[in-house]
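Student: Residue numbers (the numbering used here), protein chains in the order written: chain A, 1 to 52; chain B, 1001 to 1169; chain C, 2001 to 2597.
Just so you know, even glycine gets a beta-carbon here, dropped at the ideal spot from N, CA and C.
Here you go, one structure.
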Amino acid sequence: MSDEQPATEIGHEEFDPNGTLALILIYFAILVVMWVFMYFVEFLGNELTVIG
Amino acid sequence: MDIHSYEKIWLVLAVLLIAGFVSTVTYGATAVGVQMIDDDGGTIDANALDEDPRFGNPRVEQVGENHYAAYVVAQQFIFRPDPITVPANSTVTFYVTSPDVIHGFEVVGTNANTMVVPGQVSKLTVTVEEPREYGILCNEYCGNGHHTMEGKLIVQPEDEYAQGGSTDG
Amino acid sequence: MAEALDAGAPSFRDRFPDEAAVVRAALLSSFIALTLGAVFGIIQGLHRTNVLRVLDSQFYYTILTAHGVLMVVSFTIFFLVGLFTWATVRSLERPLEDIRYTWAWYGLMVVGTLMAVVAILGGFVPSVDISADVLFTFYAPLQAHPLFYGGLAIFVIGTWLAGADWFWSWYNWKQAHPDERIPLQAFMVLTTMLMWYIATIGIAIAVVGFLLPWSLGLIEQVNPLLTRTLFWFWGHPVVYFWLMPAYLLWYTVLPSLAGGRLFSDPLARVVFVLFLLLSTPVGIHHQYVDPGIAEGFKMIAMTNTMFLLLPSLLTAFTVVASMEHGARQRGGTGLFGWLRALPWRDPAFTGMTLAGLMFAAGGFSGMINAGMNINYLIHNTLWVPGHFHLTVGTAVALTFMAATYWLWPRLTNRQLYSRPIALGQVVLWFVGMALMSNAMHVMGLFGVPRRTAEPQYQGFDFVASFGSITELRIQLALGATLLFVSTLLFAANIALSSWTPTVSGHGHRLPDPLSGPGDSPVVLDNLKLWFGIGMVLVVLAYTLPLASIVQDSGLFGRGIDAYPAMIETPVLLEGSPLSLAEPLASKVSAMLSGVIS
């Protein structure tokens, strides 16, 4: 399976997870947009909201 | 403890996200005034609903200037009254309970959605606007006829309601 | 580091043959439950969408109870005990203390499962008085046969004894290694079990204190709100009992599959400690629209729940960073290009990664579920199963299946029957689930209910603000079909792996993390401290709500009768094989009644 040797070895000091940061910022943006849509459009925009 | 600076950034963003979610919900609870179902409805003897002045005769009645109370019984496998008829442009408080098992009371396509627990009364207040019809369904499994359990909420034009009066079950 | 990828090392089976046998047994029990559960799942998926109905709708609820219990009690938890046995033994590098004790708790779990399954399947035979058509949540006053409650209780006791087994191993390891940090996998096992001990308090009281004696006729009434609240005391943390083994795999195995190393051991420990602290004092978020519970208690549950997002959000970063490390070590470059350097041909890697990706979506619908007032929008609608099929149904289930492709050869010394089929299987699961779960979420937003045999009503139609209900039903049925095929592919692949050639040297030492345990404060390993704080948080979250329920409506409720959940009038379809089961089942029922009474 993946039991081959890595092409290079990257130690703790040299490694900055740039790709991860980029991906997670995209995820963050999606979460914010989806939450705002769900809460303000789908939920508050729906009928018969319970006010008491 | 050695945390990479990128992960620290993410940690801060994650906490901000969480704070944002809590703030939104709080905004809904305060500025918009959304209230949760809670213990306001009180408790009741599930075996003695017939003797209760509200649920012995499930109905809609006027309780204030433009305020109506709907006393609803959810039981295997019907809602009473059916249909629940209220006038347009009014405030309606539903009181819902069950003599048998746990049910759900969901006005389809809306935010009016509550559990109905024997021994407890669920109280929820909404404002109804234009005349229209809503379906009601039970969304908590209550036995082998659960999928047949449905009802109707009819919002009538005000003059029609005044002439016909309220319906009871 | 180089010897980490040395082919030719002895496998787990070579080093710990007795332990490997127990792990195999647990995993096999898990896969049997999964396969049977999947049969019920496809019947449901085709039935409620009105694509194909083979049974009367009354039986839908028997099937739904079986599907729920087999999937989220049997499949998940048998896998957990197998995985945790493997992880404890290999990370502490010592065999189990007494293998007979281990087989004993495993046996209890099997007995408990069989009891509950017999009770549930009895629901297919209406002439027999044994049934448990109460669904996975078994809310009173719906009542099941005592075999059901008894079986669940015995199963849970088995898991308690399993935890004790691993603590026993750790305790003896500690004597021999007094100043060392707890190896990461063992740490994860122990913190998960401590969480479980706290969580099961609620269900133990509900079942043993109320529901079992009630079903035996020893007490007359129960308070439905109280037993429901005690259920959810356990009902939320159980999802972490499902998730934490998946996280163990993502943290300790997935990085090496990607060709890299775990980004941070300390953060992994922090995550597991956070789960120990926060998993339980949140259960009331399943009761946001329950009467009889004050809004203040619901608000507290919400705040705790929102903080519970944190360990999962941290996990996303740490796991992806570990994969990126692997990809770059394999030669990947660029801001996103490194993704291509990952070993996508490896079914174990791809399965776990797709599972994690799907979890990102499931996490979002979970965030919505956590929002106290927005819950009105989706409570008890099909949105909720949409959510949990992404989380337990994929993040957990697909990770377990993918990990099996990696682990099974190490437990059996045999090759996997087919890597290409395995790869196809995990991709098929992802696609099927994407279709099914998306349809469920959308239909839920239109008000379509969950747990309903025929969500097609007389007096009204569901209104779809985009697409159509018919299309969504077809999408759900299609997704369910793909998932069923995928399950069969998994089961067949593992079954056929019993006859493949033996391989030796399949051992694989998992590499050290980039940031090791030495980089974290020793207090993280103070299990007593975290357990203590966890208990305090639970007491704070639950004492007042429970006391208030008991005060308002009594320990045993007011005027609540029992409603045995069974099918009164048998309505079997023509030529159904169930009609043959009746005479046999009557005999068995008479036997069991004789034993119990």
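1) What's the C-alpha gap between Val1034/B and Asn1111/B?
2) For a test of your reading of the model: does the CB of Val2253/C fall under 7 Å from any non-hydrogen atom of the ligand ADP? Yes or no.
3) Could you work out which residue in Gln2415/C, Ile2042/C, Ala2021/C, Ala2025/C is closest to Ala2477/C when comparing CA atoms only?
4) Just verifying my parser: in three-state terms, what is the DSSP assignment at Asn1113/B?
5) Please classify Ile1136/B: does DSSP put it in a helix, a strand, or coil?
6) Please report the straight-line C-alpha distance between Gly2209/C and Trp2499/C, rounded to a whole angstrom.
7) Use the C-beta contact count for Gly1104/B: other C-beta atoms within 10 angstroms, 16 or more gives buried, fewer gives exposed.
8) Given this structure, state the Cα-to-Cα distance separating Ala2186/C from Leu2092/C, to the nearest angstrom.
9) Compute the Euclidean distance between the alpha carbons of Arg2048/C and Ile2130/C, then round it to the nearest angstrom.
10) Using a Cβ-Cβ cut-off of 6 Å (strictly less than) and excluding sequence neighbours within five positions of Phe2430/C, which residues of its own chain qualify?
11) Using DSSP with H/G/I as helix, E/B as strand and the rest coil, what is Met34/A?
12) Taking only three categories from DSSP, how would you classify Pro2511/C?
13) Is the Cβ of Asp1050/B closer than 8 Å to any Cβ of chain C?
14) With Gln2175/C as the anchor, note down where its alpha helix (DSSP H) starts and where it stops.
15) With a threshold of 7 Å on Cβ separation, who are the neighbours of Ala2348/C within its own chain once the five nearest residues in sequence on each side are excluded?
16) Report yes if the C-beta distance between Val1128/B and Ala1074/B is below 8 Å; otherwise report no.
17) Between Glu13/A and Ala29/A, what straight-line distance do the alpha-carbon atoms span, to the nearest angstrom?
18) Could you check what DSSP says for Gln2415/C in three-state terms: helix, strand or coil?
19) Count the CB pairs spanning the segment 2374-2394 of chain C and the segment 38-45 of chain A that are closer than 8 Å, and state whether there are at least three.
20) Quick check: what's the CA-CA separation for Leu2152/C versus Ile10/A?
21) Are the C-beta atoms of Leu1013/B and some chain A residue less than 8 Å apart?
22) Please determine, among Thr2315/C, Gly2202/C, Leu2225/C, the residue with the shortest C-alpha to C-alpha distance to Leu2243/C.
23) Once you ignore the five residues that flank Arg2473/C on each side, which residues in its own chain have a CB closer than 6 Å to its CB?
24) Under the rule that 16 or more other beta-carbon atoms within 10 Å means buried, what is Pro2513/C, buried or exposed?
25) To be precise: take each residue of the segment 6-29 of chain A, compare its Cβ to all Cβ atoms of chain C, and keep it if any distance is under 8 Å. Which residues remain?
26) In chain B, what lies closer than 8 Å to Gln2175/C by C-beta?
27) Whole angstroms is fine: what's the gap from Ala2306/C's alpha carbon to Val2111/C's?
28) Among all the DSSP beta bridges, which residues are the ones paired with Tyr1141/B?
29) Starting from Arg2228/C, trace the alpha helix (DSSP H) in both directions and tell me its first and last residue.
30) Apart from the five residues on each side of it in sequence, which residues of its chain come closer than 6 Å, Cβ to Cβ, to Thr2191/C?
31) If you follow the alpha helix (DSSP H) that Gln2475/C is part of, which residue opens it and which one closes it?
32) Check the C-beta distance from Thr1026/B over to Gly52/A and give it rounded, since I have them as a contact under 8 Å.
33) Is there a C-beta anywhere in chain A that falls below 8 Å from the one on Val975/B?
34) Output needed in chain order: residues of the segment 2353-2379 of chain C with a Cβ under 8 Å from some Cβ in chain A.
35) Between which two residues does the beta strand (DSSP E) carrying Val1060/B extend?
36) Within 10 Å of its beta-carbon, does Gly2008/C have 16 or more other beta-carbons around it, so buried, or fewer, so exposed?
Tutor: Judging by the given coordinates:
1) Straight-line Cα distance between these residues: approximately 10 Å.
2) The ligand ADP is absent from the structure shown, which contains no ligand whatsoever.
3) Residue Ile2042/C is the option with its Cα nearest to Ala2477/C.
4) Here Asn1113/B carries a strand assignment [DSSP, helix/strand/coil].
5) Look at Ile1136/B here: in three-state DSSP terms it is strand.
6) Take the alpha-carbon of Gly2209/C and the one of Trp2499/C: they are about 48 Å apart.
7) Gly1104/B is buried by the Cβ-count criterion.
8) Approximately 7 Å between the Cα atoms of the pair.
9) Between Arg2048/C and Ile2130/C, the C-alpha separation is close to 25 Å.
10) Excluding residues within five positions, the ones whose Cβ falls inside 6 Å are Leu2354.
11) Shown here, Met34/A sits in a helix according to DSSP, grouped into three states.
12) Here Pro2511/C sits in coil by DSSP.
13) Not flagged as an interface residue toward chain C: Asp1050/B, since no C-beta distance is shorter than 8 Å.
14) Note, Gln2175/C: alpha helix (DSSP H), 2146-2176.
15) For Ala2348/C, where only same-chain residues beyond five positions count, the Cβ hits under 7 Å are Leu2257, Ala2402, Ala2403, Tyr2405, Trp2406.
16) Contact flag unset, no.
17) Their backbone Cα atoms lie some 29 Å apart in a straight line.
18) Three-state DSSP puts Gln2415/C in coil, outside helix and strand.
19) Yes, the segment 2374-2394 of chain C touches the segment 38-45 of chain A.
20) For the pair Leu2152/C and Ile10/A, the Cα-to-Cα distance works out to about 49 Å.
21) Yes, Leu1013/B lies at the interface with chain A (some Cβ there is under 8 Å from its Cβ).
22) Looking at the Cα atoms, Thr2315/C is the closest of the given residues.
23) Cβ within range, chain order: Thr2049.
24) By the neighbour-count rule (16 or more Cβ atoms within 10 Å), Pro2513/C is buried.
25) Those residues of the segment 6-29 of chain A that come within reach of chain C (Cβ to Cβ, closer than 8 Å) are Pro6, Ala7, Thr8, Glu9, Ile10, Gly11, His12, Phe15, Pro17, Asn18, Gly19, Thr20, Ala22, Leu23, Ile24, Tyr27.
26) Correct list: empty, because the minimum Cβ distance to chain B is about 28 Å.
27) Before going on, a small fix: residue 2306/C reads as Met here, not Ala. Our two residues, Met2306/C and Val2111/C, have alpha carbons roughly 38 Å apart in a direct line.
28) Note: Tyr1141/B is not bridge-paired with any residue in the DSSP secondary-structure output.
29) Its alpha helix (DSSP H) spans residues 2224-2235.
30) Closer than 6 Å at Cβ, skipping near neighbours: Phe2272, Leu2276.
31) First-last of the alpha helix (DSSP H) with Gln2475/C: 2469-2496.
32) Cβ atoms of Thr1026/B and Gly52/A stay farther apart than 8 Å, at about 18 Å.
33) Residue 975/B is absent from the model: chain B starts at 1001 and stops at 1169.
34) So the list reads Ala2360, Phe2364, Met2367, Ile2368, Gly2371, Asn2373, Ile2374, Tyr2376, Leu2377, given in the order they occur along the chain.
35) Residues 1059-1062.
36) Residue environment: Gly2008/C is assigned as exposed (fewer than 16 neighbouring CB atoms within 10 Å of its CB, all protein chains considered).
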